[in-house]
Amino acid sequence: MMFNWLSLVTGLFYIVLGIVVIIYKFFFTILEPAIAYALGAVLIIYGIFRIYRAVSKIKQSRDEE
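Residue numbering for the sequence shown follows my numbering, starting at 514 and increasing by one per position.
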(Lines of atoms letter the chains of each structure in order from A and count residues from 1; the text may use other names and numbers.)
(Lines give C-alpha, C1' and ligand atoms only; values in the text may rest on other atoms or scores of the structure.)
Protein backbone atom coordinates (compact mmCIF):
# COMPACT_ATOMS: atom_id res chain seq x y z
CA MET A 1 0.00 0.00 0.00
CA MET A 2 2.84 2.38 0.80
CA PHE A 3 4.32 1.78 -2.65
CA ASN A 4 1.14 3.06 -4.27
CA TRP A 5 1.30 6.32 -2.33
CA LEU A 6 4.98 6.64 -3.16
CA SER A 7 4.12 6.19 -6.85
CA LEU A 8 1.58 8.98 -6.52
CA VAL A 9 4.20 11.35 -5.08
CA THR A 10 6.71 10.28 -7.72
CA GLY A 11 4.17 11.04 -10.45
CA LEU A 12 3.71 14.54 -9.07
CA PHE A 13 7.50 14.96 -8.99
CA TYR A 14 7.76 13.99 -12.68
CA ILE A 15 5.06 16.49 -13.62
CA VAL A 16 6.82 19.29 -11.74
CA LEU A 17 10.16 18.29 -13.26
CA GLY A 18 8.63 18.39 -16.75
CA ILE A 19 7.28 21.88 -16.14
CA VAL A 20 10.66 23.06 -14.83
CA VAL A 21 12.44 21.63 -17.89
CA ILE A 22 10.02 23.44 -20.20
CA ILE A 23 10.32 26.77 -18.36
CA TYR A 24 14.07 26.86 -17.72
CA LYS A 25 15.20 24.72 -20.70
CA PHE A 26 17.74 23.02 -18.47
CA PHE A 27 18.23 19.35 -17.57
CA PHE A 28 21.84 18.69 -16.45
CA THR A 29 22.84 20.89 -19.40
CA ILE A 30 21.30 23.77 -21.33
CA LEU A 31 18.78 22.43 -23.84
CA GLU A 32 17.56 23.79 -27.14
CA PRO A 33 13.89 24.85 -26.98
CA ALA A 34 12.57 21.99 -29.16
CA ILE A 35 14.36 19.37 -27.07
CA ALA A 36 13.28 21.03 -23.81
CA TYR A 37 9.63 20.99 -24.89
CA ALA A 38 9.83 17.36 -26.01
CA LEU A 39 11.58 16.19 -22.83
CA GLY A 40 9.23 18.21 -20.65
CA ALA A 41 6.20 16.73 -22.41
CA VAL A 42 7.52 13.18 -21.99
CA LEU A 43 8.16 13.78 -18.28
CA ILE A 44 4.67 15.22 -17.77
CA ILE A 45 3.01 12.34 -19.66
CA TYR A 46 5.00 9.80 -17.64
CA GLY A 47 4.00 11.54 -14.42
CA ILE A 48 0.33 11.38 -15.39
CA PHE A 49 0.76 7.69 -16.24
CA ARG A 50 2.35 6.99 -12.83
CA ILE A 51 -0.47 8.80 -11.03
CA TYR A 52 -3.12 6.92 -13.05
CA ARG A 53 -1.53 3.56 -12.22
CA ALA A 54 -1.20 4.43 -8.53
CA VAL A 55 -4.81 5.60 -8.26
CA SER A 56 -6.12 2.49 -10.02
CA LYS A 57 -4.09 0.22 -7.73
CA ILE A 58 -5.29 2.11 -4.64
CA LYS A 59 -8.92 1.73 -5.77
CA GLN A 60 -8.36 -1.94 -6.54
CA SER A 61 -6.83 -2.64 -3.13
CA ARG A 62 -9.72 -0.86 -1.39
CA ASP A 63 -12.25 -2.91 -3.37
CA GLU A 64 -10.55 -6.15 -2.28
CA GLU A 65 -10.83 -5.27 1.42
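For glycine and all other residues, C-beta sits at the position ideal for the given N, C-alpha and C.
Among the candidates Val-522, Glu-577 and Ala-549, whose CA atom is the shortest distance from the CA of Ile-536? As a position in the sequence shown, residue 536 is number 23, starting the count at 1. Among Val-522, Glu-577 and Ala-549, the Cα nearest to that of Ile-536 is on Ala-549.
Assuming contact is defined by CB atoms lying nearer than 8 Å, are Leu-521 and Ile-564 in contact in what I supplied? Position 8 of the sequence shown, counted from the first residue, corresponds to residue 521. Position 51 of the sequence shown, counted from the first residue, corresponds to residue 564. Yes, Cβ-Cβ distance for Leu-521 and Ile-564 is below 8 Å.
Sequence-distant residues of the same chain with beta carbon closer than 6 Å to Gly-524, five excluded per side: Stepping through the sequence shown from its first residue, residue 524 is reached at position 11. Cβ within range, chain order: Gly-560, Arg-563 and Ile-564.
Excluding the 5 residues preceding and the 5 following Val-534 in the sequence, name in chain order all residues of the same chain whose CB lies nearer than 7 Å to its CB. Mapped onto the sequence shown, residue 534 falls at position 21. For Val-534, where only same-chain residues beyond five positions count, the Cβ hits under 7 Å are Phe-540, Ala-549, Leu-552, Gly-553 and Leu-556.
Count the other CB atoms within 10 Å of the CB of Ile-528; is the residue buried (16 or more) or exposed (fewer)? Counted from its first residue, the sequence shown places residue 528 at position 15. It counts as buried.
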